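Let me begin by presenting the structure, written as structure tokens, before commenting on it.
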Amino acid sequence: MPAFITAMKRAATSFNPPTLPKDGTPLKFGIISTADISIQALILPARSHPGVEIYAIAGRSLENTERFAKKHGIKKVYGGKDAYQALVEDPEVDVVYIPLPNIMHYEWTMRSLNAGKHVLVEKPIAMRSEEARRVHELAEAKGLVLMEAMHIRFHPAVARLKEIIARGDIGAIKHISSTMFLPSLAGALYTDEKFALGKGCMMDVGCYAIEIIRLASSSDPIAVTTAEFDNDVHHVHNMDDNARGTLQLPNGVTADFASRISVPPKFGIIPKLNFGVEVVGDKGTAKLTEYMIPQVYHSIVVTDTAGKKTVHKAYTFSDGDGTRPVGEPWWSTYRHQLEAFVTKIKGNEPRTWMTKEDSITVMQVIEQVYEKMGLEARPKSPYV
Numbered sequence: 001m002p003a004f005i006t007a008m009k010r011a012a013t014s015f016n017p018p019t020l021p022k023d024g025t026p027l028k029f030g031i032i033s034t035a036d037i038s039i040q041a042l043i044l045p046a047r048s049h050p051g052v053e054i055y056a057i058a059g060r061s062l063e064n065t066e067r068f069a070k071k072h073g074i075k076k077v078y079g080g081k082d083a084y085q086a087l088v089e090d091p092e093v094d095v096v097y098i099p100l101p102n103i104m105h106y107e108w109t110m111r112s113l114n115a116g117k118h119v120l121v122e123k124p125i126a127m128r129s130e131e132a133r134r135v136h137e138l139a140e141a142k143g144l145v146l147m148e149a150m151h152i153r154f155h156p157a158v159a160r161l162k163e164i165i166a167r168g169d170i171g172a173i174k175h176i177s178s179t180m181f182l183p184s185l186a187g188a189l190y191t192d193e194k195f196a197l198g199k200g201c202m203m204d205v206g207c208y209a210i211e212i213i214r215l216a217s218s219s220d221p222i223a224v225t226t227a228e229f230d231n232d233v234h235h236v237h238n239m240d241d242n243a244r245g246t247l248q249l250p251n252g253v254t255a256d257f258a259s260r261i262s263v264p265p266k267f268g269i270i271p272k273l274n275f276g277v278e279v280v281g282d283k284g285t286a287k288l289t290e291y292m293i294p295q296v297y298h299s300i301v302v303t304d305t306a307g308k309k310t311v312h313k314a315y316t317f318s319d320g321d322g323t324r325p326v327g328e329p330w331w332s333t334y335r336h337q338l339e340a341f342v343t344k345i346k347g348n349e350p351r352t353w354m355t356k357e358d359s360i361t362v363m364q365v366i367e368q369v370y371e372k373m374g375l376e377a378r379p380k381s382p383y384v
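Just so it is clear: in the sequence shown, position 224 is 224 by UniProt numbering, and no numbers are missing.
This is the structure we're talking about:
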């Protein structure tokens, strides 16, 4: 019971974090879109970061954007057909956060970088790996910080899993399995027009299943050996509701992944969550549960060949200094991500990072998965 109460306290604080005073010159973030993801991904994490101010927001509907801004205490509002460009050109904005539909990520990352802004863009960073390469090349040329918001890689729980594997607790890796199942919380997520927007299970959540395999193995897939899909939820042509497949990794390591966008609830009412990764070695296994929301609860269960189990948890980092704090137990993956992003902008080195090569590799794997499935790749951005 005490553990349950502690978990509930962490969850409550994570979803309603304290508001800390801002320092003298906080980075001013502008958000393009009033998409709900921005609340958990940036607005709430920014409350507890003294170096971040959510300064501006842009939306197509001025009325809706003003309502959103008032609710979240955002000073500057841009509305109408030219709202996005107006925000990007605002000289007060230091950083642009982009939670737009997938098809628009490339265009508005390019526009923001060309306007001299640092960029945090939701995954997937672009529609194709070549687009991911181009946005990073532009950021490098302009000396700006660009990162794809692959938030799962920033939490201490993932770092602890990597430490356990690196020190040889389970021996040499033989196989990795990952899952990324989202509950049915919404209506029709995928409709006929969503293909053109770059939607699909692999684009929306399958990327996490691929990324956690890369993180656990500290390697990149050599090949997609099998891939299958179902569209039995929304029944939309060329749209994957569920995706699964197998990968070949270096040194004879194999992996399998499964992702689902709309898992029916238990007993018709209880949302089912399954965000896990299991690493099988020649001396044992290590299984991390709930890598998406580890601040609420997670566990890393290490089982040796004799069946002895050891449980690890990591809600904060074990080391910290002036530029890399250990964090608070209630910090979400998004809060740790924001910490790393700001650290990078300030010229310091974060504990981990989503690099140019990381983003390109994940997109290449997604492209290969769609090819192996026999599905069309999502359309390229029309922006030139």
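Cβ coordinates follow ideal geometry from the N, Cα and C atoms, glycine included.
None of these values were measured; they are calculated from a predicted model.
| task | On a CA-only basis, which of LYS346, TRP353, MET373 is nearest GLY143? Give me that one, please. | result | Here residue 143 refers to the residue found at position 143 when the sequence shown is read from its first residue. Nearest option by C-alpha distance: LYS346.
| Alpha carbon to alpha carbon, what distance is there between VAL93 and LEU87? | The residue given as residue 87 occupies position 87 in the sequence shown. The residue given as residue 93 occupies position 93 in the sequence shown. Cα to Cα, LEU87 sits roughly 8 Å from VAL93.
| task | Would you kindly check if the distance between the Cβ of TYR208 and the Cβ of PHE275 is under 9 Å? | result | Here residue 275 refers to the residue found at position 275 of the sequence shown. Here residue 208 refers to the residue found at position 208 of the sequence shown. For the 9 Å CB-CB criterion, PHE275 and TYR208 form a contact.
| task | Could you check if residue 416 is buried or exposed, using at least 16 other CB atoms within 10 Å of its CB as the buried criterion? | result | In the structure as shown, the chain starts at 1 and stops at 384, and residue 416 therefore has no counterpart that could be examined.
| Own chain residues within Cβ distance below 8 Å of GLY116, not counting five before or after | For the purposes of this step, residue 116 is taken as the residue at position 116 of the sequence shown. The answer, listed in chain order, is LYS142, LEU144.
| field | Same chain, Cβ closer than 7 Å to GLU148, five either side skipped, listed in chain order | value | As a working mapping, residue 148 is identified with position 148 in the sequence shown. Taken in chain order, the residues that qualify are VAL121, LYS123, ILE125, MET354, SER359.
| By DSSP, does PRO45 sit in helix, in strand, or in coil? | Position 45 of the sequence shown, counting from 1, holds the residue named residue 45. Looking at PRO45 - three-state DSSP - the assignment turns out to be helix.
| message | Rounding to the nearest angstrom, what Cα-Cα distance links LYS287 and ASP256 in this structure? | response | What you label residue 287 is simply residue 287 of the sequence shown in a count that begins at 1. What you label residue 256 is simply residue 256 of the sequence shown in a count that begins at 1. Taking the straight line from one Cα to the other gives about 14 Å.
| query | Can you tell me the Cα-Cα spacing of SER184 and PRO265, whole angstroms? | reply | Within the sequence shown, the letter at position 184 stands for residue 184. Within the sequence shown, the letter at position 265 stands for residue 265. Cα-Cα distance, rounded: 7 Å.
| task | Could you tell me the distance, in whole angstroms, from the CA atom of HIS105 to the CA atom of PHE267? | result | Residue numbering aside, residue 105 sits at position 105 when the sequence shown is read from its first letter. Residue numbering aside, residue 267 sits at position 267 when the sequence shown is read from its first letter. Whole-angstrom Cα-Cα distance: 38 Å.
| field | CB of VAL236 within 9 Å of CB of THR303, strictly | value | Position 236 of the sequence shown, counted from the first residue, corresponds to residue 236. Position 303 of the sequence shown, counted from the first residue, corresponds to residue 303. Contact: no.
| request: Kindly indicate which residue of GLN295, GLN364, ASN348 has the alpha-carbon position closest to the one of ILE152. | output: Residue 152 sits at position 152 when you count from the first residue of the sequence shown. Its Cα nearest to that of ILE152, the residue GLN295 stands out among GLN295, GLN364, ASN348.
| Touching by the beta-carbon criterion (3+ pairs, under 8 Å), the stretch 127-136 and the stretch 66-73 | No, the stretch 127-136 does not touch the stretch 66-73.
| request: Please specify which runs of the alpha helix (DSSP H), each continuous and at least 4 residues long, are wholly inside the UniProt domain "GFO/IDH/MocA-like oxidoreductase" (159-286), giving them in chain order. | output: 207-217
| Beta-carbon proximity check, VAL280 vs SER177, cutoff 9 Å | Walking along the sequence shown from the start, residue 280 turns up at place 280. Walking along the sequence shown from the start, residue 177 turns up at place 177. Contact: yes.
| Would you say ILE74 and ILE31 are within 9 Å of each other, going by their C-beta atoms? | Counted from its first residue, the sequence shown places residue 74 at position 74. Counted from its first residue, the sequence shown places residue 31 at position 31. The answer is yes: Cβ separation under 9 Å.
| Just checking my contact of GLY245 with LYS372 at CB under 8 Å: how many whole Å lie between their CB atoms? | Translated into positions along the sequence shown, residue 245 becomes position 245. Translated into positions along the sequence shown, residue 372 becomes position 372. Between LYS372 and GLY245 the Cβ distance is about 7 Å, and since that is below 8 Å, they are a contact.
| query | Which partner residues does ILE300 have in the DSSP bridge list? | reply | Taking the first residue of the sequence shown as 1, we reach residue 300 at position 300. ILE300 is bridged to LEU288, HIS312.
| task | Sort PRO18, ILE222, LYS356, ASP241 by Cα distance to ASP204 and report the nearest one. | result | Here residue 204 refers to the residue found at position 204 when the sequence shown is read from its first residue. Nearest option by C-alpha distance: ASP241.
| For residue 385, which residues does DSSP report across the bridge? | With the chain covering only 1 through 384, there is no way to say anything about residue 385.
| query | Tell me, which residues are paired with VAL52 by DSSP? | reply | Counting from one through the sequence shown, the residue named residue 52 turns up at place 52. Per DSSP, LEU27.
| task | Rounded to whole angstroms, what's the CA-CA distance from LEU138 to GLU107? Just pull it up for me. | result | Residue 138 sits at position 138 when you count from the first residue of the sequence shown. Residue 107 sits at position 107 when you count from the first residue of the sequence shown. CA-to-CA, the gap between LEU138 and GLU107 works out to about 12 Å.
| task | Decide if GLN368 is buried, meaning its Cβ has at least 16 other Cβ atoms within 10 Å, or exposed. | result | On the sequence shown, residue 368 is found 368 positions in, with the first residue counted as 1. The residue is buried, with at least 16 neighbouring Cβ atoms inside 10 Å.
| query | When you compare only the Cα positions, how much space is there between GLU376 and GLY200? | reply | For the purposes of this step, residue 376 is identified with residue 376 of the sequence shown, where counting begins at 1. For the purposes of this step, residue 200 is identified with residue 200 of the sequence shown, where counting begins at 1. If I take the Cα positions, the gap works out to 11 Å.
| task | Have a look at LEU161, VAL52, MET150 and flag the residue whose alpha-carbon is nearest the alpha-carbon of LYS356. | result | Along the sequence shown, one-based indexing puts residue 356 at 356. Closest by alpha carbon: MET150.
| field | DSSP state of MET8 mapped onto helix, strand, coil | value | Here residue 8 corresponds to residue number 8 of the sequence shown, with the count starting at 1. Helix.
| task | May I have a chain-ordered list of the beta strand (DSSP E) segments no shorter than 3 residues that lie completely inside the stretch 315-358? | result | Taking only runs of at least 3 residues, no beta strand (DSSP E) segment lies wholly in the stretch 315-358.
| field | Residue range of the alpha helix (DSSP H) that includes LEU138 | value | Sequence index remark: in the sequence shown, residue 138 carries index 138 (1-based). Element bounds for LEU138: 129-142.
| message | Rounded to the nearest angstrom, what separates residue 444 and LEU247 at their Cα positions? | response | The structure shown does not extend to residue 444, since the chain spans only 1 to 384, so no value can be given for it.
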